[in-house]
Amino acid sequence: MSCGKSHGKYDYESCVCKAVENILAEQEAVEESCPTSCYSNLLSPSAMPGRDTIPFLLFDKKGKLFSAFGNVGGFMDDATCFETIFFRVENLRDCCATLSLLKPVDVEGDTISVCDPCAEDFFGLEKSDFCIEVDLNCFCAIQCLSPELVNRVSPNNKKKHHHHG
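And the structure:
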């Protein structure tokens, strides 16, 4: 059966779609500072200011991690092209999602490529402006990760990251 086709006439939504829909709703609830959620809210208690991202991994039908490439050609930021398996949902239409690539960084805050979530030098994630369009029906599994990974500040990292004023 081909990727992303509905079963029969009734509206069918994959569980990955539903999960991503829920993640988007939670992120938007935080952005609108909505105090209640019908799902266990990974982003509450409005934890930290600026905590508006639930990072996740996607697995294809063979159980392989999906990855994408950001800053190809090195035109932006620190000119480093990177591969990432970490995503943030930005938009959802039916089962087509716009995902932004979350940029993996090491403990020094430098951009790295990560294909394995347990990679030793992987420390945290930063939002990026690089996006990819995906058909969520093509994925079998989604794994949510801790929002704490985004803009995680290392004890020895003095660069970037805003001060609380």
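By this note's numbering, the letter at position 81 of the sequence shown is numbered 76, and the numbering carries on one by one without gaps. Don't be surprised by glycine CBs; every beta carbon is placed ideally from N, CA and C.
Original post:
Of the residues 95, 142, 12 and 54, which one's Cα is nearest the Cα of residue 65?
Top reply: In the sequence shown, residue 65 corresponds to position 70, counting from 1. If we check each option's Cα against that of residue 65, 95 comes out closest.
Original post:
Of all the options 100, 79 and 53, which has the alpha carbon lying nearest to the alpha carbon of residue 148?
Top reply: Translated into positions along the sequence shown, residue 148 becomes position 153. Residue nearest to residue 148 within the set 100, 79 and 53 is 100 (criterion: CA-CA distance).
Original post:
Considering only residues of the stretch 88 to 140, which uninterrupted beta strand (DSSP E) runs meet the minimum length of 3 residues and lie entirely inside it, listed in chain order?
Top reply: The qualifying runs are 91 to 100, 119 to 130 and 134 to 139.
Original post:
beta strand (DSSP E) containing residue 63: first to last residue?
Top reply: By 1-based counting over the sequence shown, the position of residue 63 is 68. Element bounds for residue 63: 63 to 65.
Subject >> Cβ neighbours of residue 19 in the same chain (closer than 6 Å, five flanking residues each side left out) >> reply: The sequence position of residue 19 within the sequence shown is 24, counting from 1. Once the five neighbours on either side are set aside, the close Cβ partners of residue 19 are 84 and 87.
Original post:
Closest by CA to residue 77, which one among 56, 120 and 23?
Top reply: Position 82 of the sequence shown holds residue 77. For residue 77, the nearest C-alpha among the options comes from 120.
Subject >> Closest residue to residue 79 among 113, 89 and 90 (Cα-Cα distance) >> reply: Position 84 of the sequence shown, counted from the first residue, corresponds to residue 79. If we check each option's Cα against that of residue 79, 113 comes out closest.
**OP:** Return the bridge partner residues of residue 55 from the DSSP annotation.
**Re:** Along the sequence shown, read from residue 1 onward, the residue named residue 55 stands at position 60. Under DSSP, the beta-bridge partners assigned to residue 55 are 134.
**OP:** Taking residue 79 as part of the beta strand (DSSP E), name the residues at either end of that continuous run.
**Re:** Position 84 of the sequence shown holds residue 79. Looking at the DSSP string, the run of the beta strand (DSSP E) that includes residue 79 is 77 to 79.
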